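**Student:** What follows is a single structure, and I will ask about it in a moment.
Residue numbers (full-length UniProt numbering): 1 to 291.
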């Protein structure tokens, strides 16, 4: 199935779900453009070349850049949202996937370094939170400009990482596990063509995250860190989110919403408001330092 056909089928399913809930939400298939001078790894949905800051968003397992398509217009004008597009999904469907965290971060780095001409903030949900953290580690180790702020969502702190071996289970067991996390995903798995494309991506990403090993000699970060989570996330234990404060000497804050692992979908505006407040704080510091 081509990406255009996949988008059409997925869009139809999404539209049906939204209509059944009486919602009118822009589709996640909003066209994106590559960042000027960058690559297919980096997508923008609302280009703001004159913005003074960037928000770089990392995807959850099985997710793509389009997960952040509807966020861009909710952010302040001084912020341009750039979403990372990993291979093997959406418009990179035909490309080989990467199943090693170490390899992924090394490959990503040159693309991200093209964006360090402006202050930036990293955001990652679930698997994306770990990718964002490891990018911070690599920036520190290679003496590159670190993010002005790290925002992580729905994932235990790195030193508490757990291996659930879901990448090893049969397809049906994997599907059931995904539906438990996101009941609306049942519509995808009820469609054979979408299921055939989605499952290998999800399995690959679970292999990537289950193969991740926290390094005890990781650098202590010095940046502020904001954590966000859903109160009923079955993936999290009580101490998982507070433990993120142990990775940085900077200010730590934790925001909680009702809902499960994908709490950020029904609470999109609230989540983006927290992020916008972070971006405003970074912008104000930038203005005071250059004023």
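The C-beta atom is built at its ideal place from N, Cα and C for all residues, glycine as well. Quantities reported herein were computed from a predicted structural model and do not represent experimental measurements.
1) Could you check the C-alpha separation between residue 271 and residue 264 for me, to the nearest Å?
2) Within 10 angstroms of its Cβ, does residue 258 collect 16 or more other Cβ (buried), or is it exposed?
3) Given a cut-off of 8 Å, decide if residue 204 and residue 91 are closer than it, judged by their beta-carbon atoms.
4) With contact counted as at least three CB pairs below 8 Å, one residue from each stretch, are the segment 166 to 177 and the segment 240 to 259 in contact?
5) Could you please give me the residues that DSSP links to residue 227 through a beta bridge?
6) By Cβ distance, which residues of its chain are closer than 7 Å to residue 144, with the 5 residues on each side in sequence left out?
7) Closest Cβ-Cβ distance between residue 253 and chain C: below 8 Å?
8) Does the contact criterion of 3 or more C-beta pairs under 8 Å hold for the segment 206 to 215 versus the segment 126 to 137?
9) Out of 106, 207, 173, state which residue places its alpha-carbon closest to the alpha-carbon of residue 142.
10) Residue 143 by DSSP, collapsed to three states: which one?
11) Of the residues 111, 155, 78, 253, which one's Cα is nearest the Cα of residue 124?
12) Can you have a look at residue 63 and say buried or exposed, based on whether 16 or more other CB atoms are within 10 angstroms of its CB?
13) Going straight from the alpha carbon of residue 175 to that of residue 275, what length do you get?
14) Is residue 247 closer than 8 Å to residue 88 when the C-beta atoms are compared?
15) Taking the Cβ atom as the reference point for each residue, do residue 282 and residue 149 lie within a distance shorter than 8 Å?
16) Whose CA, out of 153, 164, 53, 66, lies closest to the CA of residue 121?
17) Give me, in chain order, the residues of the same chain whose beta-carbon lies closer than 7 Å to that of residue 185; leave out the 5 immediate sequence neighbours on both sides.
**Tutor:** Let's see:
1) Here the C-alpha atom of residue 271 lies approximately 6 Å from the C-alpha atom of residue 264.
2) exposed
3) no
4) no
5) 152, 254
6) Around residue 144: 113, 116.
7) Absent here is chain C; the protein component of the structure consists of one chain.
8) Using a Cβ-Cβ distance cut-off of 8 Å, the segment 206 to 215 and the segment 126 to 137 are in contact, since at least three pairs of beta carbons, one from each stretch, lie closer than that value.
9) 106
10) coil
11) 155
12) Counting Cβ neighbours within 10 Å, residue 63 comes out buried, since at least 16 surround it.
13) 31 Å
14) In this structure, residue 88 sits away from residue 247, with a CB-CB distance that is not shorter than 8 Å.
15) Their beta carbons are under 8 Å apart, which means residue 282 touches residue 149 by this criterion.
16) 53
17) 178, 179
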